[in-house]
Structure formats: structure tokens, C-alpha cells
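Residue 386 in the working numbering sits at position 384 of the sequence shown, with consecutive numbering throughout.
Worksheet for the structure shown next.
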Amino acid sequence: MNSDLNDSHPSHTDDHRQINSKPPDAPLAADEDKWTCPMHPEILRNAPGDCPICGMALIPITNTNMGESDNSELRDLTRRLWIGIALSLPLIALTMMPMIGLNEPFGLQPRLRGWIEFLLGTPVVLWVGWPILRKFWLSLVHRALNMYTLIGLGVGCAYFFSLAAVLMPDWFPQEFHAHDGAVGTYFEAAAVIVTLVILGDYLQSRAMGQTSRAIQQLLRLAPNQAWRMRDDGTEEQVPLDVIVVGDRLRVKPGEKIPVDGTVLEGMSRVDESMITGEPMSVAKAPGDKITGATLNSNGSLIIRAEHVGADTLLARIVHMVGEAQRTRAPIQRLADIIAAYFVQIVIAIAIITALAWWFLGPEPKFTYAFLNAIAVLIIACPCAVGLATPISITVAMGQGARMGILFRNAEAIERMRDIDTLVIDKTGTLTLGRPVLTNFIVKGIADDEALALIASVEQLSEHPIGLAIVENAKARGLTLRPAKSFDAINGLGVQADIDGERVLVGNHNFLAQHGVDTQSWHHQAEALRTEAKTVVFFAVDGIPVGIAAVADPIKENTPEAIATLKHLGIRIVMLTGDSQHTANAIARHLGIDEVLAEVLPEDKTGHVKRLQAEGRKVAMAGDGINDAPALAQADVGIAMGTGTDVAMESASITLVKGDLRGIERAILLSHATMRNIHQNLAFAFGYNAFGIPLAAGVLYPAFGFLLSPMFAGAAMAMSSVSVVTNALRLNRTRL
């Protein structure tokens, strides 16, 4: 609907450009507040205002500014709402008194009562309702009829009819005069309708901004200052905004981590629950990554700043959620198509209603025609239809973000519901993505002594196997010794002299070349290889003393995640460049349905396309640069938050923790969100299908029932409130 509108009406597009100080699609600065329309998220402004398409108030969305967002629109609506309530209540009382037998309440004559109603109702219509009247006028100027067109027509007709009745009662035919000679007024109906619409706008603005405000509060958890290390080793406390990449920072016990970085010195435990949701703190040692705004526990750390300002993980989360909230789910196209014709149809129904009552209704015909036409216009206001999709999407985005699931766009939420096949990269997704020492078997020498010896040799090697052995030795607190006469043979092994002892570490061919017989260890080595582990032998002074097994271990939560996904009916396909032997071993352990091994990076996309050609809805989970094309090709790309930036940029969903259990939660959240949207749409359209005939007076011939415009306004407001309330139930979804 929006593209058609812009193409058909150049004046609308020009106005849009003039109102915004920047082009609509230009990216705003990271520290700027942003406003968008809940019904038309492509509208993006750097100041509050109204949507040029539908007229709804723009709502604040997430920014990366540590300050407070400008909520002037919400504050203005709040003032108007309270003044509207204060003036509408006496109006309702004046209207109800004659109905209970007080024909002249407090001795007021009918003409005087009309003037009092005028004095009470005019501020409500003209000041409280000014935003509504302005949006009504803009809808006419832009030739973009919307819900405010209906409200403006109804309120305007009621107000100006009443104004004429007070100022010029003699102009009206006799049938318009009551038994007391006064012409009936509808100031109370106009005032109450305005107040109820303002109430709906207030509730909508408040609800739609909740997710963004919650995430902004998360962002503000980062400290404002940090301890920066000088070159002479002393410390200075500086504002966070002067920290640059490469700075060394001291984090004292009990302080929050100021920026994303890497631990250089010290050991501690860090509470990362605000990012991961996990209650247990995580041990941190030199070389470990650390996230800004998380809480340091009992140790002192020196870290190197690597991501600061808008580049921190929290800032990127805020940016991704904000971008996602401005996208549209495919299901919203249905609402757009209907809304494109809805207003015109309602106006036509209102005209038909007025004509039918004018020619076929009882006396006073004009009054019946007038009131019922207004009731149709008011009750058909499509607020609920417009909010049905975006409010659910917004709430789902916030719920996902709180659980470490970042949806890049609304379409990802909808598509995730239909996924039946999950293609998973092995390294870094199913596994940790780095080798670790898993088995260490020795004979004739103490374990720690043997590990210290071979780690002392491997500390001079850059091979991943050597790094894994050294890391394990350091984790055990072993002291490494100086190595002399170090020699490395590419693809075979390394050797060096440690305290006068010749130590060899490598495969059996390497040791055989040096006259060392490893036959006694071959049976154990083969058993470890069947578990997808790489085995090295080591010898001291020509005597084989043991073997070490190194593997990229499966993540602790991977088996549970795979089992749960299979229970949901998802077919699991493992895609890896690793050997068939290693891939099969992991697949057997995890119960994976299909294995595609020894796949070149450029071929991963082709395998995803093949599965799609078979009619499958494919999600791809990966973390590396080589996974990026396949992530983009899949129906839904899922990146590990622990992986590369290019993978996350190519994916529709990012799992902040790199935990595959997040995929199950994303599927469940997708189902719950789509179910919620369908409920909202069914309610909104069902409400209009029931309410419009009722407002037109179809029950009057049989039951004498007519719907007052005032009650039509209340019903219209409640429909929007009900949709918002239903969408907020997503916050309580169990995932």
C-alpha cells in the first residue's frame, strides 16, 4: 500500500522529505534518538511528529544514546488526556440528568445548558483533539485516507451540528426541536470520542515504546567511567567516551566491565547474566573475551579495549533490535491490502446508512441519519487492524532480545515458524571451534611432569594441537621450562631439549623416524580416533611414555539442543569441511540425520539450494566467514554471536550466546507470535464485521436498538486496547 501511495501522490513524498531533516532511508547517527510509525516502520525521523501516511504519532525507538529519549509526544498526550477527561465528565453528567428525570438540572434552562455544553466541549474538540483534527486535515491534503479521516468526519459533523444548534437554533426545521424548544446537541459525543481516541493513542504510544525503553535501560547499565592504565603503570579514572581501542583498563572487584575487550592480566569470575541470561558467573583468565556492562566479581583484571561506543555488543544489540522493529512481516501485507480500501468502503457505508435512514427511517429522519452515519464512521476506525501486526512483532523482538535471540527483521520471525530443516556448520556451531586437550595417557612418569615436558616443547609451536596442550598445562598451573634446540617438522611433529632431556611430540611416523617404537600405544590411539580426536605420541629420551588426544569438543548444550529440535520435527543436516570420518563420529554421537562432509566453502550455498529445491524450508546455522553466503541463501540464517561479524551481518537471527538451544526458543517464539497476530487480526476484522452493521442500525427494526456515537467511540478505543493487551501476553510466553 505504501509504495502505491507514494507513487500515486508525489505531494505526499515531497512533504515527507520536507518534514524530515534527512532523507527517509539515510542512516541516522548512532547517538541520535529516532522515531518511527508503528504501522509504517519505513517512516524514520530524528524528531517526534506524525506519520505522513496514516497520521499516527511516531514513537521513540531504540538508540545508542546513554541519555533519556525525548518522550515529549507521550507527555503531550498525557496532558491532553487528563484535560479531556476533566471536561468530558461534566458533559456526560449534563447529558444524563434529563434521562433520569432532571429536565432542568440545577435550574438550568435548555438554552443555557447548551451554552455550558459548548463551553465544556469546545476545548476538548479544538485543543485536546487538535492532533486528531490535524491528522484528519493531512489525510485529505495528502489524499491518503486513514483512520483519522473517519474520526475527523464523525467528530467534525457532531461538533458543527451542535455549534449551529446553539448559535442558530431558529435555522433548524421544527422536527429538530425538542418539547422544550431546544435543538439537541452532541457536544458530549464529540468530546468523549476525542478523549477516547486520545486515550487509545496514549496507550498505543506507551505500549509500543516499552521494548525500546527496556533495551535502552539495559544499555545504560554500562558504567560512565573507567580506570585507564598509563604507560608508567599508574591508573587514571576517565569518562567512558574518551576510551579508544587499544587502551589498557583496570577493572576492580565489584565493578562493571566498561567496554568489550580481552583479558590481559588477572583472573576473576564475571556475571554475564545481563547478556546470556545464565545465572552462573563465568571464569575469566588472560586471553578470554569480556563484554562491556557485565559485572566483575572477586578478582582484579587488566583488559585491552577492543570494541567501544557503538561497536560494543550491547550497542549492536540495540541497533539490531531497532532495525528489526522497523521492518514488516509478510503477513502485514494482508492488513495493508485491506486497509488500502477499508476507509473508502466505510465512508461509502456511512453514506448509504445516512440515505437509508433519511428515506426509510422514522422521524426525525435527519437526526437518525446523522447519528447513525457518525456511529459507523467512529466504530469502523481501523486502529486495531493497523496495530494487529506491528505491536506483536515489537513485543516479540523485545522478548527475543531478553533471551539472547536477535531478529534482524520481522520476516525472520514469520519464516522461522515454517522451518523443517536445519543445516548446521560443525566447527564453532556444534563444537567450541577451537581444539582442546581431551585425553592425556602416560606410563612410567607422573601426569603433571609429562604434561609440563611436552607443553614446554609445544610453547614454541604455532600448531593448534600444540596451543591446546599448552593451554591445558597453564590451566593446571604447571610451570613451563625453557626449551633448547627446538625443531619443528611441518605435518609431523616437534622436538626440543628440556633440562637435558630430549622430548619428541608428533605422529607415529615422526617418532619412528627417530627410532621410537609406538606400537604399544596404537590400540588406544585408534580408539580415540574413532571418537573424532587427533592423537599425538610423545617420547622422552627415546622412550615412548604416552599419547595425547586433541579435539574440537562438542558444546555442552549441543546434545540437548539437537534432541529438542528433532522432537519438534526438524531434520538436522550437518555441513562441514572436516573429514568424513570425523563428521560421522560427531553425527553418531548427536543423532544427526544427514552428514555432508569435506564440503568446500563455496559449495555450502549449493547444498542449501538443493535442499530448498526439494521443497524444504531451510534454516542455516553457522559462525564463520565461509558460512556467510549459505546464511544469506537460507530461508532463515542463524549466526552464532560468538562468531564473525560477517556471519552475523548475513544472518536473519543472531544467537548472542552461541547456544543452539536458542534455535528452539526462536521457533517457539515464532509460533507464539504468529498465533498472536492471527488472534489480533481475527479480533480486529471480526469486531468491524460485527460493529459496523450494529452502528448502521440493522437491529432497530426488530429490537429498536441504536448505537450512540459516544458508545461507538468507546468500543473503537477498547478494540485497540484489547489488541495491545493481547500482544503484551507474548512477554509471558514460556520458551
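Glycine residues also receive a C-beta, built at the ideal position from the N, C-alpha and C atoms.
Residue i and residue j look like a contact to me (Cβ under 8 Å); what is the Cβ gap, rounded to whole Å?
i      : j      : result
Thr296 : Asp313 : The Cβ separation is near 16 Å, so there is no contact.
Gly579 : Leu602 : 7 Å
Ile640 : Ala653 : 6 Å
Ala729 : Ile195 : Actually they do not touch by this definition, with Cβ atoms about 24 Å apart.
Arg2   : Ala285 : Nothing in the structure corresponds to residue 2, since the chain is present only between 3 and 737.
Val725 : Asn690 : Going by Cβ atoms, the distance from Val725 to Asn690 rounds to 12 Å, so no, they are not a contact pair.
Ile549 : Gln526 : 6 Å
Gly289 : Leu315 : Contact doesn't hold; Cβ gap of about 18 Å is too wide.
Met399 : Val638 : In fact, because the Cβ distance is near 15 Å, the residues do not count as touching under 8 Å.
Thr656 : Leu434 : The Cβ separation is near 18 Å, so there is no contact.
Ile471 : Ala490 : With a Cβ gap of about 14 Å, Ile471 and Ala490 do not count as contacting.
Please name the residue, chosen from the options, that lies closest to residue i on a Cα-to-Cα basis.
i      : options                        : result
Ala375 : Phe442, Leu155, Gly502         : Leu155
Ala88  : Ala160, Leu198, Ala550         : Leu198
Ile351 : Ala697, His569, Arg731         : Ala697
Ala317 : Phe685, Leu670, Val658         : Val658
Val378 : Ala704, Leu121, Ile354         : Ile354
Ala292 : Gln681, Asn690, Thr264         : The question names Ala, but residue 292 in the sequence shown is Ile. Nearest of Gln681, Asn690, Thr264 to Ile292, Cα basis: Thr264.
Ala541 : Ala452, Thr584, Leu140         : Ala452
Val253 : Lys445, Ala191, Ile305         : Ile305
Leu570 : Ala529, Thr423, Pro484         : Thr423
Thr584 : Phe705, Thr532, Lys258, Ala551 : Thr532
Leu432 : Tyr204, Val700, Asp625, Leu732 : Asp625
Arg677 : Val244, Asp52, Thr391, Ala95   : Thr391
Ile245 : Glu257, Gln227, Gly235         : Gln227
Leu93  : Leu201, Leu76, Ala403, Val127  : Val127
Leu135 : Ile407, Gly446, Ala470, Cys159 : Cys159
For residue i, count neighbouring Cβ atoms within 10 angstroms of its own Cβ and tell me buried if that reaches 16, exposed if not.
i      : result
Gly116 : buried
Gln461 : buried
Met622 : buried
Gln401 : buried
Glu666 : buried
Glu119 : buried
Met405 : buried
Thr481 : exposed
His524 : exposed
Ala224 : buried
Phe163 : buried
Ala529 : exposed
Leu439 : buried
Ser74  : exposed
His144 : buried
Gln635 : buried
Phe692 : exposed
Trp359 : buried
Asp16  : In this prediction, Asp16 scores a pLDDT of 36, lower than 50, which makes its location untrustworthy; no coordinate-derived value is stated.
Ser721 : buried
Glu365 : exposed
Ser672 : buried
Val723 : buried
Trp132 : exposed
Leu303 : buried
Thr727 : exposed
Tyr343 : exposed
Pro54  : buried
Thr213 : Only weak support exists for where Thr213 lies, its pLDDT of 47 falling under 50; the coordinates are left without a value.
Pro25  : In this prediction, Pro25 has a pLDDT of 41, which is less than 50 and means its spatial position is unreliable; what the coordinates show is noted afterwards. Exposed: under 16 other Cβ atoms inside 10 Å.
Ser581 : exposed
Taking DSSP's pairing of strands, which residues face residue i in a bridge?
i      : result
Glu596 : Val575
Ala686 : Bridge partners of Ala686: none, in fact.
Lys258 : Leu297
Ile292 : Gly263
Asp499 : Lys486, Arg504
Met622 : Val425, Gly639
Glu237 : Met231
Ser270 : Lys286
Phe540 : Val507, Gly548
Phe512 : DSSP lists no partner for Phe512.
Is residue i close to chain C, meaning its C-beta is less than 8 Å from at least one C-beta of that chain?
i      : result
Glu238 : Here chain C cannot be found, since the structure has a single protein chain.
Between the region 523 to 536 and the region 488 to 507, are three or more C-beta pairs nearer than 8 Å? Under the 8 Å Cβ criterion, the region 523 to 536 does not count as touching the region 488 to 507, having fewer than three qualifying pairs.
Taking 8 Å as the threshold, find out whether the region 588 to 598 comes into contact with the region 562 to 576 through three or more Cβ pairs. Touching, yes.
Closer than 8 Å is the cut-off here; do at least three beta carbon pairs connect the region 594 to 613 with the region 397 to 414? Result no; under three Cβ-Cβ pairs closer than 8 Å.
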